[in-house]
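Take a look at the structure set out below.
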Amino acid sequence: MTVDVVTFGCRLNAYEATVMRANAAAAGVADTIIVNTCAVTAEAERQARQAVRRLRRERPDSQIVVTGCAAQIAPDRWAAMPEVDRVLGNADKLRPDAFAPGAPALAVSDIMQVRETAGHLVEGFDGRARAFVEVQQGCDHRCTFCIIPYGRGPSRSVPVGAIVERVRTLVAGGIREVVLTGVDLTAYGADLPGRPTLGQMTRRLLALVPELPRLRLSSLDPAEMDEDIFRLIADEPRLMPHLHLSLQAGDDLVLKRMKRRHSRATAVAVAERARRLRPDIVLGADLIAGFPTEDAAMFANTLAHVGEMGLTWLHVFPYSPRPGTPAARMPQVPGPAVRERAARLRQAGAAAAAAYFVRRVGSAASVLVEAAGRGHDAHFAPVLIQGLDAPAGRVVDARVTAAGPDALIAVAA
Ligand code: SF4
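So for the sequence shown, my numbering puts the first residue at -2; every next one is plus one.
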């Protein structure tokens, strides 16, 4: 009995791969390969198709099961591939009986009808140091470049009690830092009784798990950050002074055509407020280069946004059309221009990070060790600690002695 999982795309897919592997093993399946697809770009789907064909050539007798967002969005297209034996939707793939003998070849529920989370907390680990806990799933928004809601369904949240219980267990097991994640994290709680906000849930979690040393929030929508998040930024030292914002662009017309909920001014106001409340806070962001109809002036606004927001950690995505999204039907920016703009944004990001490393020389750093002599500090700066012999998962105090090309250089304090 062998169960292999080939997974594409996001952390959520990676978490779910561990659940599927365990369920398939428990079901005692024979020689099985699960291909857990991503649909965020046409390229991601092409790679999964290629993998299916290669795996069939390499293992002609294996059962090949295709799951994930691409399977959820277009199950018939995958079922039509001669190499494929079964197709499972995103809700179906996590059912404990999904791999039971005699299970149907095609099991793809209407994801828009799914209301509950997977019933178990999906989580993942960064070695023994950090645990990612998914507290929210799906999305009710319809950004014009995004296919995720069609693969993941409506927004749904894990009840606070289940999160508290899980985090307690993780900390008892040695985890020192928990990252709360979701597809649209700031939508947390809107579907739960009493509609607890993300900030309220986080405050309750920290109050009920005083032994948790460090908590981090993954990507936040600047238009949906609730008051309690700002209060935590101001008065909760265990909330790490690092926010990752889902900005996508810095031009109001582009943001409007993306169907984002914030304006350039909103984002700047959020950044300024966070800095007033916690002056050492560090901001990261996702930005898309070359969104359809973006001209040179609009791109210049996005490039300038890096500076006006004081962004330090940038994730840059060159736009690629996703069939089935409204943006794919808009006038496209030529490929060379998309790549050139992405390169300029990445350069701006690298320059911002380098300048930040220089400013940190001489400062103190609280570093979560991830592997021999390296880790990330509270601001999510990568740190190399010279001469440190501490195991992964230990939080150590250090002093920054130099700015490296892509990390802080430090010594244990
Ligand atoms: S908020 Fe927008 S980009 Fe994010 S998952 Fe929802 S539709 Fe996609």
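From the three backbone atoms N, C-alpha and C, an ideal C-beta is built for every residue, glycine too.
Which residue's Cα is closest to the Cα of residue i: the options?
| i | options | result |
| --- | --- | --- |
| R18 | R92, E42, G6 and A48 | R92 |
| R254 | G158, D292 and V62 | D292 |
| R192 | S154, R139, R357 and V251 | S154 |
| C66 | R272, A22, Q134 and A100 | Q134 |
| T290 | P323, V267, I172 and A399 | P323 |
| V161 | V364, V206 and G171 | V206 |
| L236 | L244, R201 and T15 | R201 |
| L244 | V366, R273, H302 and L195 | H302 |
| L300 | G346, R273 and S317 | G346 |
| I30 | D58, M222 and E42 | D58 |
| A399 | A389, A387 and P379 | P379 |
| P79 | I70, V49, D94 and V157 | V49 |
| N20 | A187, M(-2), P331 and R127 | M(-2) |
| P210 | E305, R371 and A126 | A126 |
| G372 | R357, A361, R391 and G359 | R391 |
| L242 | A100, I278 and R357 | I278 |
| L274 | A369, A362, I230 and A266 | I230 |
| P238 | I226, V393 and G247 | I226 |
| V175 | V132, L250 and D181 | V132 |
| V358 | E367, L381 and A369 | L381 |
| A349 | E305, P328, T194 and G370 | E305 |
| R414 | D394, Q110, A325 and F5 | It is not possible to answer for residue 414, since the shown part of the chain is limited to -2 through 410. |
| R336 | G321, A325, P328 and S317 | S317 |
| G287 | L52, A334 and K256 | A334 |
| A361 | V251, A169, D94 and A407 | A407 |
| V26 | A36, R46 and D1 | D1 |
| F5 | L203, P234, L167 and A45 | A45 |
| A412 | Q47, T34, V32 and A220 | Not covered by the structure: residue 412. The range shown for the chain is -2 to 410. |
| R343 | P315, R228 and V393 | P315 |
| V32 | E40, A11, A23 and A22 | A11 |
| A297 | R272, L250 and P328 | L250 |
The alpha helix (DSSP H) that contains residue i, what's its start and end?
| i | result |
| --- | --- |
| N298 | A293 to M306 |
| R50 | A39 to E55 |
| A11 | R8 to A23 |
| I108 | Counting along the chain, I108 falls outside any alpha helix (DSSP H), and DSSP gives it neither H nor E. |
| R149 | I145 to R149 |
Starting from residue i and walking both ways along the beta strand (DSSP E), at which residues does that stretch end?
| i | result |
| --- | --- |
| L214 | R211 to L214 |
| F129 | R127 to Q134 |
| P333 | First-last for P333: G332 to R357, but that is the alpha helix (DSSP H), not the beta strand (DSSP E). |
| Q69 | Careful: Q69 lies outside any beta strand (DSSP E), inside the alpha helix (DSSP H) at C66 to I70. |
| L365 | A361 to A368 |
| A399 | V392 to A400 |
| P379 | P379 to Q383 |
| G287 | Per DSSP, G287 belongs to no beta strand (DSSP E) and is neither H nor E. |
| G372 | R371 to D374 |
| R92 | Element bounds for R92: n/a, residue is neither H nor E. |
| L405 | L405 to A409 |
| T4 | V0 to T4 |
| L85 | R83 to L85 |
| I30 | T29 to T34 |
Runs of alpha helix (DSSP H) lying entirely within the region 165 to 207, each at least 4 residues, in chain order = Segments of the alpha helix (DSSP H) lying fully in the region 165 to 207: 195 to 205.
Pick out the complete beta strand (DSSP E) segments inside the region 221 to 273, 3 residues or longer, and give them in chain order.
-> Along the length of the region 221 to 273, whole beta strand (DSSP E) runs at least 3 residues long occupy 239 to 245, reported in chain order.
Who's in the neighbourhood of the ligand SF4, going by beta-carbon under 6 Å from any heavy atom, listed in chain order?
-> These are the residues, in chain order, with a beta carbon less than 6 Å from any non-hydrogen atom of the ligand SF4: C136, H138, R139, C140, C143, I145, P146, V180 and D181.
Does the region 277 to 294 touch the region 307 to 325, meaning 3 or more C-beta pairs lie closer than 8 Å?
-> Look at the beta carbons and you see the region 307 to 325 touching the region 277 to 294: at least three pairs across the two are nearer than 8 Å.
Can you find at least 3 beta carbon pairs, one from the region 61 to 77 and one from the region 351 to 358, that sit closer than 8 Å?
-> They do not touch, by the three-pair rule.
Would you say the region 83 to 90 touches the region 99 to 106, given that touching needs at least three Cβ pairs under 8 Å?
-> With a cut-off of 8 Å, the region 99 to 106 and the region 83 to 90 count as touching, because enough Cβ pairs lie within range.
Counting pairs of Cβ atoms below 8 Å between the region 131 to 149 and the region 49 to 64, do you hit three or more?
-> As far as the Cβ criterion goes, the region 131 to 149 does not touch the region 49 to 64, which means the pair count is below three.
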